[in-house]
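What follows is a set of notes on a single structure, which appears directly below.
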Amino acid sequence: MYHIKNYLLFAFILAILQTTTYAAPATTYGPWHSCKIGGGGYIQNVVTCPTNPNRLYTYVDVGGVFRSDDKGQNWRMLHGNLHPAGVKAQAANYEVRGLIVDPRDDKKVIMATGSQWGATEGIYISNDAGQSWRKTLTASFWGNGSHRWSGFLLQRHPTNPDVVVAATIEGGVWRSADNGITWQQGGATGLFPTDIHFDRANPNRLWLCAATEKGWVNNKEHTWQGGFFRSDDGGTTWQKVGEEGPYEVLQDPVDAGRLYGTWKETEIRLSRDGGNTWQSFSDGLATKPQDPGDSASDYRYSALAAGPNFVLTASGRGTFYRLNAGETHWQKIERQGVEEIYEGEEWFRHKTGGMGWALGSITVDPRNPNHWFFTDWFAIYQTFDAGQHWQLLINGIEVTVLHCLTQDPSDPAVVHLGMADNGYFHSENGGERFYLADGISNNVKSISLSPKLPNRLYATGPRTWEWEANQVFVSIDRGQHWVRSPMEGLPDMTKRQCNTIIVDPQSPYAVYLGVSGNVAAGAGGIYKSVDGGKKWNWFGAGLPTGDHFYRESIWDEGPEIAVSSSGAILTISRDRSELYRLDTPTATWNKVDPGGRGVFYSVVADPLTPDRFFLSLRGTGLFRSDSGGRTWKKVYAQSTSHVACDAAVKGRVAVGTEDGVIMSTDGGNTWVEMDKRLPYRVGNIVAFAGNRLMAGTGGNGAFWMPLNAVGAQSIQARPATVATVPTGPTNGAMPQLVNPDMSAGTARPTGWGNPWIGNGQLKVMRDTEIYKDAPASLSLATQNGPAYGTVSQNFAPVKAPFQISGFTKGTGKLAESQVAIQVFDAAGKQVGWITLANVTATPRDATSWQPFSQRVELPAEAASCNLVLTLKGEGQVWLDEIILSEPMRYFLD
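As structure tokens, this is what we get:
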């Protein structure tokens, strides 16, 4: 029999917490505290309030809506108020496509939300600055869809603020005459709109931009044709004035007869006849219409804004241009400086070159024409001097998508976190603040550790900074640094994914990995390593062959493998909705029926109760086995997702549901609904950190709440120790490099010579603006088009093996770039080329430094060596913080 208790039965916890002074001034939502991560998010717009200069609103593609009451210095989430206690949370409501404020009352807000993958949402209104919301229209919007950075789908009449129009996907333009309370459908149905705009000189005229697109509305697939449309009767009827058109339009602030448009995001065009005809108007802009690059290119333009006598646009790399009234030439604004402080400390993305990437919107303060805001892939920035100096403004804005949270049972202050876009973070104060670590990629899917050696960590993520998991990483210093496993014995992982890695709780070098693809030896299935993740053997006998078992998508959360302290092992297939148990004597997997139907979401072992497992089924409930997976019973009857068993407190279990988090203190016999003021409470990822409960989200980072008075107190982790694998005697002398940290030099780092150039033009420089660690890095860049060449430093070889590590990054169109050791014999003949790192240009996240670390053993005939940085193609690469050391052992080889 399963039971759920009302949260009021835990009132004694709340009574304690209400009298406790928290050590950190974190943003709180009831007992929940937003973790300080600083991951930012694709923020869509900043909305000013004419009646309140201190108040701002902003909204995000996957993270909801926020409000600031101190001019953007701090922000608070408002979307949790869409789902107060008693109202089931809807995932689509966290995807916001538009927001406008009543110019007469800053407390009156209209917002559009929705997703093509969820139930249709629509228009919500608030009369109390987002403290409560009421839905007034069901209609389709994509907050996280194509062209979300283009234009505005909610607009207010320029002279009658009660009149509002909303451009919806497929459903056409809707009009409200009472400030969003009721709506009437107009025309322009069957379109995918990107922008709608009133003509301020003739408010009966509206323009509508639409894109060619495919997608889903109400479980039906649609194909939409783009174009440019105009209405002359207030939005009731529409005529198509162009098969092609801009994605966003803006009227000139002085001459209303001039209409600007972002044309395919590659140029700006101008219309002088109400949008009937257009002419190029990009003089002064950097353009490459035939080859503009991706959304983070300096040749992409997707935002327009106006001051009292000027127009602004900016590229996808944050380069701003200004067009003064009456002029025809855009003037580039030279940026003079950027301050990037997040929650009192330097932001982890500071000086990485990512400011302005995929810039989505520009806002000019109507009170101060020199005060602007812009939003991009990660953040909000403001300037008070018309674009010369910028300041980061994201305190309180957490918009990151988590993949996993992992507890360290040996230290209640340590929490490990894997997320999309930014990678691996760790906290050493119980989740209050997280920091980015070195040596791992941008999408960390799964993290595992053994209580027997908790500073040794395993993780999976992408090899090449994409949205996939096909590489195993290992850390031996509690996540401070990571290395890549050579993954010997695994199939070609460029064609497969590995979303789950689990270490044996009793043996820190025994690791299990789920590999996608059709199940067969040397192909898909489960693999086992007994040397700490270096060499792998197929371990899938008994799993259904000839078909895939593990999913490939990185967006599926929840572990697929579980290992008990008793030695029992289980694995699940989500697509097949099947559970298998390992028969240890025969090393063969056997299918087990847990007695429930639904999507098998996650399986976990209780580390403190041998043979106890939990299996969550989306749509069905939660099941528990106390027999090593042989038999099961249902312990919770509603849909569940992620499960976490406390590895430090016996009997404590947390579960993410479709509407928040539940917790048990008796091993799952009874359950408590945790506080519903958690702003993002759909399918939460859960974990424990001492006497704190962690809740990860799909768009707002993570939260923590104290479970008792002890959990409310500040906590600090013990210093991390290195979980080294025993080594033999030291190797002797190390190679000697000059200036490996690039600290010495002027125009170029000391010790690095002129470049060797095969073709084109290359420039070597000591970059004091972009570096891994201050004060500088080595940069090699092409000039005036593609080139091929190298820059190198000569060093004398050594006989003994050594470890070399460092950091690289790259941008542009790189055909090939490597860090390598070039080896010559006594006659000057090249006898070896040891690749240390392949430098990849990362158009989606080029701000991240790529670490490398490799054990090197030079050929016996080596007489001279060069450490080389190569570049072929067009772009720029960097090298920094080279360290030579005794080879560290990470594996039992």
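Using the working numbering, you'd call the opening residue of the sequence shown number 280 and step up by one each time.
Note that the Cβ used here is the ideal one computed from N, Cα and C, for glycine as well.
These figures come from a predicted structure and were not determined experimentally.
In angstroms with no decimal places, state the Cα-to-Cα distance between residue i and residue j.
{"i": "residue 634", "j": "residue 1092", "result": "19 Å"}
{"i": "residue 481", "j": "residue 434", "result": "15 Å"}
{"i": "residue 869", "j": "residue 1001", "result": "39 Å"}
{"i": "residue 861", "j": "residue 905", "result": "16 Å"}
{"i": "residue 867", "j": "residue 805", "result": "11 Å"}
{"i": "residue 580", "j": "residue 525", "result": "11 Å"}
{"i": "residue 488", "j": "residue 422", "result": "17 Å"}
{"i": "residue 891", "j": "residue 720", "result": "33 Å"}
{"i": "residue 1012", "j": "residue 1144", "result": "15 Å"}
{"i": "residue 548", "j": "residue 599", "result": "17 Å"}
{"i": "residue 496", "j": "residue 376", "result": "15 Å"}
{"i": "residue 536", "j": "residue 779", "result": "59 Å"}
{"i": "residue 698", "j": "residue 439", "result": "45 Å"}
{"i": "residue 873", "j": "residue 900", "result": "11 Å"}
{"i": "residue 1170", "j": "residue 814", "result": "9 Å"}
{"i": "residue 673", "j": "residue 654", "result": "10 Å"}
{"i": "residue 1076", "j": "residue 1033", "result": "22 Å"}
{"i": "residue 850", "j": "residue 631", "result": "41 Å"}
{"i": "residue 665", "j": "residue 603", "result": "13 Å"}
{"i": "residue 889", "j": "residue 907", "result": "8 Å"}
{"i": "residue 362", "j": "residue 1163", "result": "55 Å"}
{"i": "residue 593", "j": "residue 527", "result": "13 Å"}
How is residue i classed by DSSP in three states: helix, strand or coil?
{"i": "residue 948", "result": "coil"}
{"i": "residue 373", "result": "helix"}
{"i": "residue 650", "result": "coil"}
{"i": "residue 361", "result": "helix"}
{"i": "residue 380", "result": "strand"}
{"i": "residue 1118", "result": "coil"}
{"i": "residue 304", "result": "The predicted position of residue 304 is uncertain, since its pLDDT is 43 and thus under 50; a value taken from the coordinates is nonetheless stated next. Coil, per DSSP."}
{"i": "residue 723", "result": "coil"}
{"i": "residue 751", "result": "strand"}
{"i": "residue 989", "result": "helix"}
{"i": "residue 880", "result": "strand"}
{"i": "residue 1123", "result": "A caution first: residue 1123 carries a pLDDT of 42, below 50, which makes its placement in the model unreliable, though a value can still be read off. It is coil, neither helix nor strand."}
{"i": "residue 423", "result": "coil"}
Let's test the definition: count the other Cβ atoms within 10 Å of the Cβ of residue i and tell me whether it reaches 16, buried, or not, exposed.
{"i": "residue 754", "result": "buried"}
{"i": "residue 517", "result": "buried"}
{"i": "residue 387", "result": "buried"}
{"i": "residue 534", "result": "exposed"}
{"i": "residue 510", "result": "buried"}
{"i": "residue 615", "result": "exposed"}
{"i": "residue 940", "result": "buried"}
{"i": "residue 414", "result": "exposed"}
{"i": "residue 523", "result": "exposed"}
{"i": "residue 958", "result": "buried"}
{"i": "residue 1112", "result": "exposed"}
{"i": "residue 775", "result": "buried"}
{"i": "residue 1161", "result": "buried"}
If we call anything under 7 Å between Cβ atoms a contact, is residue i one with residue j?
{"i": "residue 450", "j": "residue 405", "result": "no"}
{"i": "residue 546", "j": "residue 568", "result": "yes"}
{"i": "residue 554", "j": "residue 538", "result": "yes"}
{"i": "residue 931", "j": "residue 914", "result": "no"}
{"i": "residue 595", "j": "residue 575", "result": "yes"}
{"i": "residue 582", "j": "residue 529", "result": "no"}
Is it the case that the CB of residue i approaches a heavy atom of the ligand FMN more closely than 6 Å?
{"i": "residue 975", "result": "The ligand content of the structure shown is nil, which means the ligand FMN is not present either."}
Is the CB of residue i under 7 Å away from at least one CB in chain D?
{"i": "residue 465", "result": "The chain labelled as chain D is not found in the depicted structure, where only one protein chain is given."}
Q: Evaluate the contact criterion for the segment 683–694 versus the segment 315–328: three or more CB pairs, one atom per stretch, below 8 Å.
A: Too few Cβ pairs lie closer than 8 Å, so no.
Q.
Is it the case that the segment 916–926 contacts the segment 959–967, given that we only count it when at least three CB pairs across the two stretches are under 8 Å?
A. A contact between stretches requires three or more CB pairs, one per stretch, nearer than 8 Å, and the segment 959–967 meets this requirement with the segment 916–926.
Q. Is it true that the segment 721–730 meets the segment 686–706, where meeting means three or more beta-carbon pairs spaced less than 8 Å apart?
A. Cβ pair count under 8 Å is three or more, so yes.
Q | Stretch pair the segment 942–961 + the segment 652–661: three plus CB contacts closer than 8 Å | A | Because the criterion of three Cβ pairs below 8 Å is not met, the segment 942–961 and the segment 652–661 do not touch.
Q. Counting Cβ pairs, one atom from each stretch, are 3 or more of them under 8 Å apart for the segment 981–1001 and the segment 1131–1147?
A. No, the segment 981–1001 is not in contact with the segment 1131–1147.
Q) So, do the segment 831–839 and the segment 871–888 have three or more beta carbon pairs nearer to each other than 8 Å? A) Touching, per the Cβ criterion.
Q.
Check whether the segment 637–657 and the segment 584–599 are in contact - that is, three or more C-beta pairs closer than 8 Å.
A. Because the criterion of three Cβ pairs below 8 Å is met, the segment 637–657 and the segment 584–599 touch.
Q. Using 8 Å as the Cβ pair cut-off and three pairs as the minimum, do the segment 316–325 and the segment 335–350 touch?
A. Result yes; three or more Cβ-Cβ pairs closer than 8 Å.
Q: Examine the Cβ distances between the segment 463–472 and the segment 391–410 and report whether three or more of them are shorter than 8 Å.
A: Because the criterion of three Cβ pairs below 8 Å is not met, the segment 463–472 and the segment 391–410 do not touch.
Q. Is the segment 1150–1168 close to the segment 779–795, with three or more CB pairs under 8 Å?
A. The segment 1150–1168, when compared against the segment 779–795, does not touch it at the 8 Å Cβ threshold.
Q: Examine the Cβ distances between the segment 1058–1073 and the segment 1035–1044 and report whether three or more of them are shorter than 8 Å.
A: By the C-beta criterion, the segment 1058–1073 is judged to be in contact with the segment 1035–1044, since at least 3 inter-stretch pairs fall below 8 Å.
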